[in-house]
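Engineer:
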Amino acid sequence: MKTRLFIIILLIGCTTLSCEDWLKETSGTEMSINGQFESEDGFRDALTGVYLGMQEPKLYAMNLTWHFIEFIAQQYAQISGMYNIYLLSYQYQQNRVVPYIDNIWQGQYNLIANINIMLLELEKRQDDVSPLFYKLMKGELLGLRAFFHFDLLRLYGYGDWSNRTDLNSRYTIPYVTKYTKDLTPQLSYTETFKLIEKDLAEALELLKEDYIYGAHADDNTYYTNVNGNHGFFTYYRNYRMNYYAVRALQARTWLWEGSPESKAKALAAAEEVIESDIWAWVNPRSLTNSNPDNRDMTFTNEHIFAIHVADLKDIIGVWFDASNPNATYERCFLTEKRAQTVYEADKVENELDIRYINLIERQGSGLRNYAPRKLFQSENNSNYGQRIPLIRVTEMFYIAAECLTTGPNKNYGKAIEYLNTVREKRNITQPLSSDLTESEIMNEITKEYMKEFVCEGQLFYHYKRLGFSEILGYIGTMTDKEYMLPYPVSEVTYGNRVQ
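Quick note: the sequence shown, position 343, residue 342 per numbering that gives the first Met the number 0, numbers continuous.
(1) Ends of the beta strand (DSSP E) at glutamine 362?
(2) May I have the straight-line CA-CA distance separating valine 308 from glutamate 378, to the nearest angstrom?
(3) Jot down the residue ranges of each uninterrupted alpha helix (DSSP H) in the region 126-194, minimum 4 residues, whole runs only, in chain order.
(4) Mapping the DSSP letters down to three states, classify asparagine 368 as helix, strand or coil.
(5) For glutamine 77 and leucine 86, what's the separation of their Cα atoms in angstroms?
(6) In the DSSP assignment, find the unbroken beta strand (DSSP E) run with leucine 389 in it and report its ends.
(7) Pick helix, strand or coil for threonine 505, following the three-state DSSP scheme.
(8) In chain order, what residues of the same chain lie with their CB nearer than 6 Å to the CB of lysine 480, ignoring the 5 residues before and after it?
(9) Apart from the five residues on each side of it in sequence, which residues of its chain come closer than 8 Å, Cβ to Cβ, to lysine 207?
(10) Exposed or buried, tyrosine 222, counting other C-beta atoms within 10 Å across all chains shown (16 or more means buried)?
(11) Please identify the residue among Thr404, Leu151 and Glu335 whose C-alpha is closest to the C-alpha of serine 433.
(12) Which residues in the same chain as glutamate 360 place their Cβ atom closer than 6 Å to its Cβ, once the five residues preceding and following it in sequence are excluded?
(13) Using 9 Å as the threshold, is the C-beta distance between leucine 374 and methionine 296 below it?
(14) Quick test of your reading: tyrosine 473 and glutamine 185, contact by CB under 8 Å. State the CB separation rounded to the nearest angstrom.
(15) With distances taken Cα to Cα, identify the nearest neighbour of tyrosine 82 among Ile32, Arg251 and Cys331.
(16) Tell me, to the nearest whole angstrom, how far the beta carbon of asparagine 113 is from that of valine 175; I am working on the premise that it is less than 8 Å.
(17) In chain order, which alpha helix (DSSP H) runs of at least 4 residues are fully inside the region 273-335?
(18) Taking the beta carbon of aspartate 292 as the centre, do at least 16 other beta carbons fall within 10 Å, making it buried, or is it exposed?
(19) Rounded to whole angstroms, what's the CA-CA distance from leucine 431 to proline 173? Just pull it up for me.
(20) Out of Ser489, Ala268, Arg354 and Leu135, point me to the one whose CA is closest to alanine 233's CA.
(21) I believe phenylalanine 149 touches threonine 252 by the beta-carbon criterion, under 8 Å. Please report the beta-carbon distance rounded to the nearest angstrom.
(22) From this set, Arg354, Arg386 and Lys346, which residue's C-alpha is nearest threonine 299's C-alpha?
(23) From the DSSP output, in three-state form, read off isoleucine 398 for me.
(24) Using only the alpha-carbon positions, how far apart do aspartate 127 and alanine 200 sit?
(25) Report the option in Lys193, Ala145, Ile116 and Arg124 whose CA atom is closest to the CA atom of tyrosine 178.
(26) For alanine 247, which of helix, strand or coil comes out of DSSP?
(27) Count Cβ pairs between the region 448-456 and the region 353-367 that sit closer than 8 Å; are there 3 or more?
(28) Let me make sure I understand the geometry here. Which of Ser322, Thr334 and Gln457 has the alpha-carbon closest to that of leucine 389?
(29) Classify aspartate 345 as helix, strand or coil using the three-state DSSP reduction.
(30) Less than 7 Å between C-beta atoms, sequence neighbours within five positions excluded: which residues of the same chain meet that for tyrosine 238?
(31) Using three-state DSSP, classify lysine 57 as helix, strand or coil.
(32) Taking 9 Å as the threshold (C-beta atoms), are alanine 400 and isoleucine 427 in contact?
(33) Can you give me the C-alpha to C-alpha distance between serine 438 and tyrosine 411, rounded to a whole angstrom?
(34) Suppose you measure from the CA of isoleucine 100 to the CA of tyrosine 133; what does that come to, to the nearest Å?
(35) Kindly list the residues whose CB is nearer than 7 Å to the CB of valine 281, restricted to its own chain and excluding five residues on each side of it in sequence; keep chain order.
(36) Buried or exposed: which applies to asparagine 94, given that a residue is buried once 16 or more other Cβ atoms fall within 10 Å of its Cβ?
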């Protein structure tokens, strides 16, 4: 990897006026940036830098998948004396919690800043790169920019949007589309959502050239000039912001907005991903292979978008060792009560659910602690290790089911069919009844989110989007105070941000 890559990923992604001071002090860095994009290789390196930035523990290698976001969803047990007790009680202003919240904000805007630099340089050099390279590079960048902004909106913005029309005109997180020293103004929720839609729509159109979409799949030479080393735009597309990742993100964002029109569009997007040939159901035998190195615990064939984290084993360390948790150790594990409740262990049909029997492990005194094994990293698992899913196809099944239940194109039978398909593939022996009511279907969807996405960070967003006032594991009432991460103090003090 060229040295210049590390210059680009170290840029400070700030949104306040303090950027001006930083820019004045970094003229040398700016010159290096100008040299970064003299060739297509420079763009490839810089885009790789963005993906590497996602793999930082403060973002998707830890906090936004299996750690911070899962604690505030009440997924894990409380151990007296450990700092995560503050997360479980939503004490966001506590001095041990503030750095996590600030680092997520800064880390996301850091990546967005790099993307905006790349987009600016790509436009300047459009005539110097191949048309295909331009489309694929710009499509990925726009999709990623929407992805990062949307997660910021989900974390730092209000939830239950579809039932709160007052949010339409309220300010939310800044949507940054330019790399500039000037303050990016806040826009309303409606205006911000339109920017997310715009980026995703343009990304999708550009990524119709994506190899994974099937365009030109029969032409072995079509992508040769944009591949660079090791097939840059054709290999391992589920580790990249590919066509179907953008389509899945559209489904996710439209469901969040929640209007009837958006739910209709979310259904179409989710079903396009479901009906594609880019994924396959996990083989249950791959979870029980006698060789731990060959166990596919994250269901890799079901990944629509994932990250590859080379040092994931070191990042995880002993977090999932629940053999002897106490005030000295910080651990992530489910209590016996939660595990039994989440996986409905009292029902005979759930006894062989592969998520229950393979993805959690009983440990500790009396085997009453349940340690997640989804991200278990063996010494030599090169086939399936080092992967964290960010979007899996099962979410599309749940989105489709919800839209068919609460959207304008109601079809309870088909919604139940989508849920039963996933249940069957997870080895639940009893299908759901065909005469479930709307509220019963929605309850089953919630139960599936709880079972399916342990260590993936999606349960909290599900609760927040639907405005749950009560969630499993928390004795208090969930309000905006619990659901919204506060803006960093610097954003409020120097940027006059309104939350």
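Glycine is no exception: its CB is placed at the ideal position from the N, C-alpha and C atoms.
Since this is a predicted model, take the numbers as computed values, not measurements.
Structural biologist: Reading it off the structure:
(1) Unbroken beta strand (DSSP E) run through glutamine 362: 359-362.
(2) Each residue's Cα considered, the two are about 14 Å apart.
(3) Within the region 126-194, the complete alpha helix (DSSP H) runs of at least 4 residues are 130-155.
(4) It is a strand residue.
(5) Taking the straight line joining both Cα atoms gives about 10 Å.
(6) Residues 386-391.
(7) Here the chain has residues from 0 to 498 only, and residue 505 is not among them.
(8) Cβ within range, chain order: n/a, list empty.
(9) Listed in chain order, the non-local C-beta contacts of lysine 207 below 8 Å within the same chain comprise Ala214 and Tyr242, local neighbours out to five positions each way being set aside.
(10) Burial of tyrosine 222 is indicated by the presence of at least 16 other C-beta atoms within 10 angstroms of its C-beta.
(11) Of the listed residues, the one whose Cα sits closest to serine 433 is Thr404.
(12) Ala370 and Arg372.
(13) A contact, by the Cβ cut-off of 9 Å.
(14) The pair is not a contact, with the Cβ atoms about 30 Å apart (cut-off 8 Å).
(15) Ranking the options by Cα distance to tyrosine 82, first place goes to Cys331.
(16) In fact, because the Cβ distance is near 11 Å, the residues do not count as touching under 8 Å.
(17) Qualifying alpha helix (DSSP H) stretches, in chain order: 311-315.
(18) Looking at its Cβ environment, which holds fewer than 16 other Cβ atoms inside 10 Å, aspartate 292 is exposed.
(19) Cα-Cα distance, rounded: 43 Å.
(20) Residue 233 is actually threonine in this sequence, not alanine. Nearest C-alpha to threonine 233: Leu135.
(21) Yes, phenylalanine 149 and threonine 252 are in contact; Cβ-Cβ is about 6 Å, under 8 Å.
(22) Scanning Arg354, Arg386 and Lys346 for the CA closest to the CA of threonine 299 turns up Arg386.
(23) Three-state result, isoleucine 398: helix.
(24) If you take the alpha carbons of aspartate 127 and alanine 200, they lie about 25 Å apart.
(25) Closest option to tyrosine 178, Cα to Cα, is Ile116.
(26) When DSSP states are grouped into helix, strand and coil, alanine 247 belongs to the helix group.
(27) Taking 8 Å as the limit for Cβ pairs, the verdict is that the region 353-367 does touch the region 448-456.
(28) Check the Cα spacing between leucine 389 and each of Ser322, Thr334 and Gln457: the tightest is with Gln457.
(29) Coil, per DSSP.
(30) Excluding sequence neighbours, tyrosine 238 sits near Ala305, Ile306 and His307.
(31) DSSP places lysine 57 in coil when its eight states are reduced to three.
(32) Contact annotation: isoleucine 427 and alanine 400 have beta-carbon atoms that are not nearer than 9 Å.
(33) Roughly 11 Å separates the two Cα atoms.
(34) Cα to Cα, isoleucine 100 sits roughly 35 Å from tyrosine 133.
(35) These residues qualify, in order along the chain: Asp295, Phe298, Asn300 and Glu301.
(36) Counting the other CB atoms within 10 Å of its CB gives asparagine 94 a total below 16, which places it among the exposed residues.
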